[in-house]
Amino acid sequence: MFSQLKARFGSSLSIAIIAIIAIWLVGMVILPQLIMVDYSFRPNLLPKEIGGIKDTYSLSNYETLFSNDIHLSIFVKTIWSSVLVAALTLVVSYPLAFYLAKVATPGQAALCILLLIIPFWINEILRTFSWYIILAYKGPLNALLLSLGVIDRPVRFLSGDSGVMVGMVYAYILFMIFPIYNAIESLDTNQVKAARNLGAGWIRTHYRIIIPHAKPGIATGCIMTFMLAAGSYAVPALLGSPGSRWFTQIIYNWFFEGGDWNQGAAYAFLLLLICIGFIALVMRIFKVGLGDIAR
Amino acid sequence: MDSSVHLDNVVMNFGDFTAVQKTDLKIESGEFFSFLGPSGCGKTTILNMISGFLDPSEGVVRIGGESMVGVPANKRPTSMIFQNLALFPLMSVAENIEFGLEVRGISKVERKKASDRLLELVALDGSGNKKISELSGGQKQRIAIARALAVEPQVLLLDEPLSALDLKLRQRMRTELKDIQRKTGITFIYITHDQGEALTMSDRVAVMSAGKLQQVADPITLYREPETEFVASFVGENNAIAGTIENIQGNMVTLECGINGKLTGRGVGQLSKGQTANLFIRPENIQLGKKGDMVFNATIQEVNFEGSCLTLNAFISSGLSVAVQIATEEYSSLFIPKASIQLSFMSQDAVVIAGEEHV
Chain A
747 MFSQLKARFG
757 SSLSIAIIAI
767 IAIWLVGMVI
777 LPQLIMVDYS
787 FRPNLLPKEI
797 GGIKDTYSLS
807 NYETLFSNDI
817 HLSIFVKTIW
827 SSVLVAALTL
837 VVSYPLAFYL
847 AKVATPGQAA
857 LCILLLIIPF
867 WINEILRTFS
877 WYIILAYKGP
887 LNALLLSLGV
897 IDRPVRFLSG
907 DSGVMVGMVY
917 AYILFMIFPI
927 YNAIESLDTN
937 QVKAARNLGA
947 GWIRTHYRII
957 IPHAKPGIAT
967 GCIMTFMLAA
977 GSYAVPALLG
987 SPGSRWFTQI
997 IYNWFFEGGD
1007 WNQGAAYAFL
1017 LLLICIGFIA
1027 LVMRIFKVGL
1037 GDIAR
Chain B
181 MDSSVHLDNV
191 VMNFGDFTAV
201 QKTDLKIESG
211 EFFSFLGPSG
221 CGKTTILNMI
231 SGFLDPSEGV
241 VRIGGESMVG
251 VPANKRPTSM
261 IFQNLALFPL
271 MSVAENIEFG
281 LEVRGISKVE
291 RKKASDRLLE
301 LVALDGSGNK
311 KISELSGGQK
321 QRIAIARALA
331 VEPQVLLLDE
341 PLSALDLKLR
351 QRMRTELKDI
361 QRKTGITFIY
371 ITHDQGEALT
381 MSDRVAVMSA
391 GKLQQVADPI
401 TLYREPETEF
411 VASFVGENNA
421 IAGTIENIQG
431 NMVTLECGIN
441 GKLTGRGVGQ
451 LSKGQTANLF
461 IRPENIQLGK
471 KGDMVFNATI
481 QEVNFEGSCL
491 TLNAFISSGL
501 SVAVQIATEE
511 YSSLFIPKAS
521 IQLSFMSQDA
531 VVIAGEEHV
């Protein structure tokens, strides 16, 4: 990299460029992370005790999670719900991505993509609040269902996890649609025609031809949605009830309400580890490599 | 089994644009039938209507005498070979061939038998486990044929399947296709812009231009007795000399061609005195010297050696350039640019077709 930069900008400027990148990467990304790793292995002490005899490295912060049943169940639920969010987003996004890539005329596709993107010009908190209003006990969705006679008394959407799930599917839908859309768009339409011509119905055509082709896009979308869902704070904070806390909220509490950064750091790393493990698993199942995802 | 295809007064419109004008055509059971025409003439649209990817705006497509109205593409007894072949790259060769059978719920054992048999037919035995990407162009071609035949179609549709192959391979595949058609006895409908392909393989050829069928005939008739100016100039090489009809005697028509003199040929279609018309004479029907009954003088423009034959481009009186094909043995060192020669043709070999249409 250096020789290429040198050929282009001369040595002094290249050194400056690399130095800036290095400072940014080390000082603002790697060091803070390492400090958090360091924190996570040390006990939470009063300032005067730091560096004293009690300040020793141990795994006790990590063990806390496994001895606290409530935290552990929230942890497991967060992972499981994030899987569900990814699955649900996939179910919603795939037909839309297919429509955009293969069915719609260029004009329709452009309009549809615009309509999908415009809401995302609004702040995430505000968008989540709008779902809070829609899903409220006396909100428009209940009013609509009541007037249609689908239900005879309002539903409490916002207690339990369903409100959080709906909010997340909505918040992350673009991260699912676009990778799948890109993947399906690159499929030669003659492949679909050939499958039809050989007698395949629509379900089989999707199952045997389109989905296998779109697999890297589907894997990318699922990984992104899962990561965003597992790490989300705003959606569960706004749309969740006290009974449906997200693991990120526990981490937040350790940092800013419990004042125990060490404990919070340990929790954050556990979440990160599980997420990485999950991604590796998904990539193994879908047989996709890192190169496919970076595309 | 009746595997005829009947285009019963079929029309295809895309908005204001008419891709296929009213066409009534019956392709017989077991026939090798080609649609020949330049790109954009509507031949692929016809194929799409037969396969069910498009529904005709008017008229009915019948296969084996049965109306295909409301029958979706995946329920028709047709099978298509695509221009880019459209093999499934994520499946093995055998899986590709067996796909149509898998769809029909045929057991694995039976599928395997069928794919082995088809691989043998296309002379690729034992390649079942290969990936599509491991095959050469000609092998892919044959797998596409095997895949299309696996579903035992009544009609095989071929959309310029040889256009991506090199010349030698293309010539070999022509023979093989014809061979496979003879062995299987199913109807082949072949789309091409290459007249060589259409003429060598087909029982009958339909020449199309601008969404209209120009002429439907067997290759020899098409070549010898073109009915329209388009067919005369599109199929094979042809020289056109314009003139006005001066005299009609039986089927022989004499044209007054101004400075080029009076030329006679066989008249085709409705002709009347005073009408403008073109006389078409093929390069191989023009001879050196006075052997023919129509004689004219010319000046050589250039001489092209093509192996078994020579093509002379020569200016006739009006400055019009005609191509003349002669056997290599007839070559003489006198054939140099600007040399004067005498040319002639038999009036029986020339065709006079009326029309304003410019060639």
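Protein chains in written order, with the numbering used here: chain A, 747 to 1041; chain B, 181 to 539. Think of the CB as a built atom: it goes at the ideal place given N, C-alpha and C, for glycine as much as any other residue. From a predicted model like this one, the values you see are computed outputs, not experimental measurements.
- From the beta-carbon of Asp934/A, the residues of chain B found nearer than 8 Å are Asn264, Ala266.
- Listed in chain order, the non-local C-beta contacts of Val190/B below 6 Å within the same chain comprise Thr203, Pro236, Gly239, local neighbours out to five positions each way being set aside.
- Here Leu468/B is near Leu523/B, since their CB atoms are less than 8 Å apart.
- Ala762/A is classed as exposed because its beta carbon has fewer than 16 other beta carbons within 10 Å across all chains shown.
- Between Glu340/B and Gln263/B, the beta carbon gap of about 5 Å places them in contact (Cβ cut-off 8 Å).
- Within the segment 271-283 of chain B, Phe279, Gly280, Val283 place their CB atoms closer than 7 Å to a CB of chain A, listed in sequence order.
- DSSP, read as helix, strand or coil, puts Gly430/B in coil.
- Leu216/B places its beta carbon 8 Å or farther from that of Gln319/B.
- When secondary structure is reduced to three states using DSSP, Ser247/B falls in the strand class.
- Residue contact check for Gly947/A against chain B: a CB pair falls below 8 Å.
- Within the segment 952-978 of chain A, the complete alpha helix (DSSP H) segments of 4 residues or longer fall at 957-976, listed in chain order.
- Close partners of His952/A in chain B (Cβ separation under 8 Å) are lacking, with about 13 Å as the shortest Cβ gap.
- Beta bridge pairing from DSSP links Glu300/B with no other residue.
- Within chain A, the residues whose beta carbon sits less than 7 Å from that of Ala253/B are Arg942, Asn943, listed in sequence order.
- Chain-order list of chain B residues neighbouring Ile955/A: Phe268, by C-beta distance under 7 Å.
- When secondary structure is reduced to three states using DSSP, Glu238/B falls in the strand class.
- Scanning its chain for C-beta atoms nearer than 6 Å, with the 5 sequence neighbours on each side dropped, one finds around Ala386/B the residues Phe215, Leu393, Val396, in chain order.
- Around the CB of Trp1000/A, 16 or more other CB atoms lie within 10 Å, so the residue is classed as buried.
- Residues of the same chain with a CB within less than 7 Å of the CB of Gln481/B, apart from the 5 flanking positions on each side, are Asn493, Ala494, Phe495, Ser501, Pro517 in chain order.
- Shown here, Glu436/B sits in a strand according to DSSP, grouped into three states.
- At a Cβ-Cβ threshold of 8 Å, Tyr883/A and Arg902/A count as neighbours.
- Shown here, Tyr803/A sits in coil according to DSSP, grouped into three states, outside any helix or strand.
- At a cut-off of 8 Å between beta carbons, His817/A makes no contact with chain B.
- Counting C-beta pairs with one atom in each stretch, the segment 251-269 of chain B and the segment 930-944 of chain A have three or more that are closer than 8 Å, which means they touch.
- Here Phe821/A is buried: its Cβ has 16 or more other Cβ atoms, across all protein chains shown, within 10 Å.
- When DSSP reads this structure, Met192/B sits in a beta bridge with Val200/B.
- In this structure Ile439/B is exposed. Its beta-carbon is surrounded by fewer than 16 other beta-carbon atoms within 10 angstroms.
- Taken through DSSP and simplified to helix, strand or coil, Asn254/B comes out as helix.
- By the C-beta density criterion, Glu809/A is exposed, having fewer than 16 other C-beta atoms within 10 angstroms.
- Within the model, the alpha-carbon separation for Gly220/B versus Ser231/B is close to 18 Å.
- By the criterion of a C-beta distance shorter than 8 Å, Gly245/B is surrounded in its chain by Asp182, Ser184, His186, once the five residues flanking it on both sides are discounted.
- Here Tyr803/A is exposed. Its C-beta has fewer than 16 other C-beta atoms within 10 Å.
- Just so you know, the alpha carbons of Val772/A and Ile766/A end up roughly 10 Å apart.
- Going by C-alpha positions, Ser905/A is about 24 Å away from Asn869/A.
- The residue among Glu436/B, Phe460/B, Val433/B with its C-alpha nearest the C-alpha of Gly416/B is Phe460/B.
- Using a Cβ distance threshold of 8 Å, Leu338/B and Ile371/B count as a contacting pair.
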